[in-house]
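According to this note's numbering, the sequence shown is numbered sequentially starting from 35.
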Amino acid sequence: MDQIEKSLDYHRKAYHIWDSLDYRQGLGSSYTNLSYVYTKWNEYDTALDYLNHALDIYRDMGNLRREANTYINFGWVYMNIGEYEKALDYFNRSLPMSQKGGFMDIYTDGLNKKGWALNKLNRQEEALQVLKRGLELAVEIKDPSLINEINLQLTDVYSAIGDYQSALRYQQQWAAIKDSIFKDKSAEYIALFEVLLKTEAKEQQIEVLEEVNKRRTLLFQSAIVLAILFLLIIVLIYSRYRIKVKYLEQQRILREKSLEQKELQVALEKSKNEMLEAEKKLKEEENEKLCLLYTSPSP
35 MDQIEKSLDY
45 HRKAYHIWDS
55 LDYRQGLGSS
65 YTNLSYVYTK
75 WNEYDTALDY
85 LNHALDIYRD
95 MGNLRREANT
105 YINFGWVYMN
115 IGEYEKALDY
125 FNRSLPMSQK
135 GGFMDIYTDG
145 LNKKGWALNK
155 LNRQEEALQV
165 LKRGLELAVE
175 IKDPSLINEI
185 NLQLTDVYSA
195 IGDYQSALRY
205 QQQWAAIKDS
215 IFKDKSAEYI
225 ALFEVLLKTE
235 AKEQQIEVLE
245 EVNKRRTLLF
255 QSAIVLAILF
265 LLIIVLIYSR
275 YRIKVKYLEQ
285 QRILREKSLE
295 QKELQVALEK
305 SKNEMLEAEK
315 KLKEEENEKL
325 CLLYTSPSP
């Protein structure tokens, strides 16, 4: 909901509870969540500091799964900073660890994030290989959110290399799955509201209803924005296609003109050679006549 200050307040409260219980895994989770909040706030040094605390805890615990995921979180922060090489390095650290541990959800997310970084580094061919493998795994583990993230990444990569037909195909897949996720989320909101009706006071019910309406309005507005963006992408693809067709037509005309000029030049050269040959024969005939004239006997 982008209420960063409220989020920070609750995460700090959770941190103090874990600290009072000396529950280290809970502390690690709080450090990770606080890092996410400070990244959203663009306070990257603080975010990285919290992640280092989380990483120390997971290493001490021998929690390989959370350690691998923390490397992905490091990469995510560096992606937001714009330091894509560092981000790629952290994603590469996570991948063998999560693969070794059999944490396929984290491994697949690592491939997704690695493809993101490679695309930012203009290494699109590598990005395509990584993302397509990630998409296969996301389908295998049946994670619609991850499938959709990778579809969106593939849309960006194919757009970057100018393959707009493939980009459009993945964009359409993303839109179809997005609608399904939206329906699932709507069902979750309705179920949550029903629980609150039974457990909260009337004033709280009204607040929840207002919040649900706000979310629906936001989702509706987001859908409109996405539809507009989709139309703009189609217009852009069509415009680029028309420009390309026009360019190819101009190149064809130039090639034809160049060929005509070459043919004309060859014809002129041939005509010139024929004229020179005719002049040469004419001179030879004149010389022969002169020779006959001088060598003929006197009367």
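By construction, the Cβ of each residue, glycine as well, lies at the ideal position given by its N, Cα and C atoms.
Closer than 8 angstroms to chain E by CB, residue i
{"i": "Asn107", "result": "The displayed structure is made up of one protein chain only, and chain E is not part of it."}
Top-ranked residue by Cα proximity to residue i, from the options
{"i": "Gln207", "options": "Ile262, Val246, Asp143 and Ile184", "result": "Ile184"}
{"i": "Leu266", "options": "Pro130, Lys47, Tyr198 and Met138", "result": "Tyr198"}
{"i": "Leu180", "options": "Tyr192, Val259 and Arg167", "result": "Arg167"}
{"i": "Glu159", "options": "Glu119, Leu302, Lys304 and Leu188", "result": "Leu188"}
{"i": "Lys176", "options": "Thr251, Asp139 and Lys296", "result": "Asp139"}
{"i": "Leu169", "options": "Ala257, Ile115 and Thr142", "result": "Thr142"}
{"i": "Ala210", "options": "Pro178, Asp56 and Asn247", "result": "Pro178"}
{"i": "Ala121", "options": "Ser132, Ala151 and Thr104", "result": "Ala151"}
{"i": "Ala48", "options": "Asp90, Met35, Gly62 and Ile268", "result": "Gly62"}
{"i": "Tyr350", "options": "Pro130, Val173 and Ile287", "result": "Here the chain comprises residues numbered 35 to 333, so residue 350 is not present and cannot be evaluated."}
{"i": "Phe264", "options": "Thr66, Ser193 and His50", "result": "Ser193"}
Own chain residues within Cβ distance below 6 angstroms of residue i, not counting five before or after
{"i": "Tyr72", "result": "Thr80 and Ala81"}
{"i": "Phe108", "result": "Leu85 and Tyr124"}
{"i": "Ile195", "result": "Gln158"}
Rounded C-alpha distance that separates residue i from residue j
{"i": "Glu117", "j": "Arg274", "result": "31 angstroms"}
{"i": "Trp52", "j": "Asn86", "result": "18 angstroms"}
{"i": "Leu316", "j": "Lys306", "result": "15 angstroms"}
{"i": "Tyr204", "j": "Lys291", "result": "41 angstroms"}
{"i": "His45", "j": "Leu68", "result": "6 angstroms"}
{"i": "Ala102", "j": "Lys148", "result": "14 angstroms"}
{"i": "Ala88", "j": "Met113", "result": "19 angstroms"}
{"i": "Gln12", "j": "Leu145", "result": "The requested residue 12 is not part of the displayed model; the chain covers only 35 to 333."}
{"i": "Arg289", "j": "Ala301", "result": "18 angstroms"}
{"i": "Ala201", "j": "Leu186", "result": "9 angstroms"}
{"i": "Leu270", "j": "Phe254", "result": "24 angstroms"}
{"i": "Ile224", "j": "Asp36", "result": "Bear in mind that a pLDDT of 48 at Ile224, under 50, signals an unreliable position, so the number given afterwards is only what the model happens to contain. Roughly 21 angstroms separates the two Cα atoms."}
{"i": "Phe137", "j": "Val279", "result": "48 angstroms"}
{"i": "Ser332", "j": "Cys325", "result": "Note that Ser332 scores 49 on pLDDT, short of 50, meaning its location in the model is unreliable and no value can be drawn from it."}
{"i": "Arg249", "j": "Ile258", "result": "14 angstroms"}
{"i": "Arg286", "j": "Glu294", "result": "12 angstroms"}
{"i": "Tyr92", "j": "Leu282", "result": "58 angstroms"}
{"i": "Ile115", "j": "Tyr78", "result": "7 angstroms"}
{"i": "Lys314", "j": "Arg276", "result": "57 angstroms"}
{"i": "Tyr272", "j": "Leu252", "result": "30 angstroms"}
{"i": "Leu310", "j": "Glu319", "result": "14 angstroms"}
{"i": "Asn156", "j": "Val164", "result": "14 angstroms"}
{"i": "Glu303", "j": "Lys323", "result": "30 angstroms"}
Reduced DSSP secondary structure (H/G/I, E/B, other) of residue i
{"i": "Leu334", "result": "Within the shown structure, residues of the chain are numbered from 35 to 333, placing residue 334 beyond reach of any answer."}
{"i": "Met309", "result": "helix"}
{"i": "Asp53", "result": "helix"}
{"i": "Asp197", "result": "coil"}
{"i": "Ala235", "result": "Its pLDDT being 49, under 50, Ala235 is placed unreliably in this model, and the coordinates cannot settle the point."}
{"i": "Val35", "result": "Residue 35 is actually Met in this sequence, not Val. Coil."}
{"i": "Ile287", "result": "helix"}
{"i": "Ile267", "result": "helix"}
{"i": "Ile211", "result": "helix"}
{"i": "Ile277", "result": "helix"}
{"i": "Ile140", "result": "helix"}
{"i": "Ile175", "result": "coil"}
Residue i: first and last residue of the uninterrupted alpha helix (DSSP H) it sits in
{"i": "Asn86", "result": "Tyr78 to Met95"}
{"i": "Ile115", "result": "Leu98 to Ile115"}
{"i": "Asp123", "result": "Tyr118 to Gly135"}
{"i": "Lys74", "result": "Arg58 to Lys74"}
{"i": "Asp190", "result": "Pro178 to Ala194"}
Heavy atom of the ligand COA within 7 angstroms of residue i beta-carbon
{"i": "Phe264", "result": "The model depicted lacks the ligand COA and carries no ligand whatsoever."}
Spatial neighbours of residue i in its chain, beta-carbon cut-off 7 angstroms, leaving aside the 5 residues before and after
{"i": "Asp190", "result": "Asn153"}
{"i": "Arg99", "result": "Gly135, Phe137 and Ile140"}
{"i": "Ser334", "result": "Since the displayed the chain opens at 35 and closes at 333, residue 334 lies outside it and no answer follows."}
{"i": "Glu245", "result": "none"}
{"i": "Lys74", "result": "Ile38"}
{"i": "Leu162", "result": "Val191"}
Own chain residues within Cβ distance below 8 angstroms of residue i, not counting five before or after
{"i": "Gln133", "result": "Tyr141"}
{"i": "Val173", "result": "Ile181"}
{"i": "Tyr65", "result": "Tyr49, Tyr84, Leu85, His87, Ala88 and Ile91"}
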